[in-house]
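Visitor: Residue numbers (this note's numbering): 82 to 324. Beta carbons: idealized from backbone N, C-alpha and C, even for Gly.
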Amino acid sequence: MSTADEEMKFRDCLPLYIGCEPQFDDLNGYCRRPVVEMESHARAFYESICRRRTVREFSADPVPDEVIRLALRAAATAPSGANLQPWHFAVVKDPALKRRIRVAAEEEEKAFYESGAPQEWLDTLKPLGSDESKPFLEIAPVLIAVFSVNHTSLDDGRRIKHYYVPHSTGIATGFLIAALHEAGLATLTHTPSPMGFLNDICQRPAWERPFLLLVTGFPADGCTVPRFGGMKKTEEEFSSWLC
82 MSTADEEMKF RDCLPLYIGC EPQFDDLNGY CRRPVVEMES HARAFYESIC
132 RRRTVREFSA DPVPDEVIRL ALRAAATAPS GANLQPWHFA VVKDPALKRR
182 IRVAAEEEEK AFYESGAPQE WLDTLKPLGS DESKPFLEIA PVLIAVFSVN
232 HTSLDDGRRI KHYYVPHSTG IATGFLIAAL HEAGLATLTH TPSPMGFLND
282 ICQRPAWERP FLLLVTGFPA DGCTVPRFGG MKKTEEEFSS WLC
């Protein structure tokens, strides 16, 4: 996208590109590193990201808005189907809104734990210490509601359908989690089911579907994490090489 296009909103650029012949720019910003440097960067990232843990005990200490903005901007660089970027991130800091989200989520979770979940699923969750009580939804300073967006509506009345929506949103969310971790924040992916209440509370339209709720902040003093949550598959279990 050219500099002039970057000054326009993405939605306004779509009519200039959809259905048109492809245009290409030089690849800028890429620098091929020496092998030793590649391995050093790869190792540094691994050593950082492997320290990431999901936490449920958050401090109420505020998080700088600029840190959240930069993490969201990093997430928005993720690849997506046809580059249509089918996601929306609603940042919730207002205590009253966080309270509403907690009440609605706990209502759904109570039904899940009491009658909606098969025993096999409950047994799987048991070593993680998860239950219907979600105080972190009020304590954590920031909640980021991630929505998958089904289409973009243009001013000329056209509706541009989005493709590979959940796949694209999942990739962007992974970028977001990694960016927040690199900034020194902890996160928790929370997915009460159903999550339709998020559309109402976050004032999002019906064609946006709640994907997950990312609880964000600093770990509380004395925070503990479940031992089972730190057990990861070995390389032989999660990958195979066809050489």
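Pair every Cβ in the region 154-170 with every Cβ in the region 243-261, then say whether three or more of these pairs are closer than 8 Å.
Guide: They touch, by the three-pair rule.
Visitor: Can you give the Cα-Cα distance for L235 and R183, rounded to whole angstroms?
Guide: For the purposes of this step, residue 235 is taken as the residue at position 154 of the sequence shown. For the purposes of this step, residue 183 is taken as the residue at position 102 of the sequence shown. Their Cα atoms are separated by approximately 35 Å.
Visitor: Using the Cα positions of A125 and P286, report the straight-line distance between them to the nearest angstrom.
Guide: As a working note, residue 125 is residue 44 in the sequence shown. As a working note, residue 286 is residue 205 in the sequence shown. For A125 and P286, the distance between alpha carbons rounds to 41 Å.
Visitor: Are the beta-carbon atoms of R132 and H122 separated by less than 8 Å?
Guide: As a position in the sequence shown, residue 132 is number 51, starting the count at 1. As a position in the sequence shown, residue 122 is number 41, starting the count at 1. No, the pair does not count as a contact, with Cβ atoms beyond the cut-off.
Visitor: The alpha helix (DSSP H) with R92 in it runs from where to where?
Guide: One-based indexing of the sequence shown puts residue 92 at position 11. From DSSP, the alpha helix (DSSP H) with R92 extends over 91-98.
Visitor: Which two residues bound the contiguous alpha helix (DSSP H) that contains K179?
Guide: Looking up residue 179 in the sequence shown gives position 98. Element bounds for K179: 176-192.
Visitor: State the DSSP-derived secondary structure class of G238, mapped to helix, strand or coil.
Guide: Position 157 of the sequence shown, counted from the start, is the residue given in the question as residue 238. Of the three classes helix, strand and coil, the one that applies to G238 here is coil, per DSSP.
Visitor: Over the uninterrupted alpha helix (DSSP H) stretch that includes T315, give me the two end residues.
Guide: Indexing the sequence shown from 1 puts residue 315 at position 234. Note, T315: premise wrong, no alpha helix (DSSP H); not H, not E.
Visitor: In whole angstroms, what separates the C-alpha of S161 from that of L108?
Guide: Start at 1 with the first residue of the sequence shown, and residue 161 comes out as number 80. Start at 1 with the first residue of the sequence shown, and residue 108 comes out as number 27. Each residue's alpha carbon lies about 18 Å from the other.
Visitor: Can you tell me which of the three DSSP states F299 falls into?
Guide: Along the sequence shown, read from residue 1 onward, the residue named residue 299 stands at position 218. Three-state DSSP puts F299 in coil, outside helix and strand.
Visitor: Who are the Cβ neighbours of A185 in its own chain at under 6 Å, not counting the five residues just before and after it?
Guide: As a working note, residue 185 is residue 104 in the sequence shown. Only F278 meet the Cβ criterion.
Visitor: Who are the near neighbours of L293 in its chain, counting only those whose CB is closer than 6 Å to its CB and skipping five residues on each side?
Guide: Looking up residue 293 in the sequence shown gives position 212. Within the same chain, L293 has close Cβ partners V227, T270, T272.
Visitor: Does DSSP put V223 in a helix, a strand or coil?
Guide: Reading the sequence shown from its first residue, position 142 is the one you call residue 223. Three-state result, V223: strand.
Visitor: Quick one: measure Cβ to Cβ for L298 and V148, integer angstroms, because I've assumed they're closer than 8 Å.
Guide: Counting from one through the sequence shown, the residue named residue 298 turns up at place 217. Counting from one through the sequence shown, the residue named residue 148 turns up at place 67. One point to set straight first is that residue 298 is Gly, not Leu, in the sequence displayed. G298 to V148, Cβ: 11 Å. No contact.
Visitor: Which residue comes first and which comes last in the beta strand (DSSP E) that contains H169?
Guide: In the sequence shown, residue 169 corresponds to position 88, counting from 1. Element bounds for H169: 168-173.
Visitor: State the beta-bridge partners of V361 as determined by DSSP.
Guide: Lying outside 82 to 324, the shown extent of the chain, residue 361 is not represented and no answer is given.
Visitor: Excluding the five sequence neighbours on either side, which residues of its own chain have a C-beta within less than 6 Å of the C-beta of A163, listed in chain order?
Guide: Stepping through the sequence shown from its first residue, residue 163 is reached at position 82. Contacts found: Y244.
Visitor: Please report how far the alpha carbon of C112 lies from the alpha carbon of V173, in whole angstroms.
Guide: Taking the first residue of the sequence shown as 1, we reach residue 112 at position 31. Taking the first residue of the sequence shown as 1, we reach residue 173 at position 92. The straight-line gap from Cα to Cα measures roughly 38 Å.
Visitor: For R133, which three-state DSSP category applies?
Guide: Taking the first residue of the sequence shown as position 1, residue 133 is located at position 52. In the structure shown, R133 sits in coil (DSSP, three-state: anything other than H, G, I, E or B).
Visitor: With distances taken from CA atoms, which of E289, S214, C324 is nearest E138?
Guide: The residue you call residue 138 lines up with position 57 of the sequence shown. The candidate whose alpha carbon is nearest that of E138 is S214.
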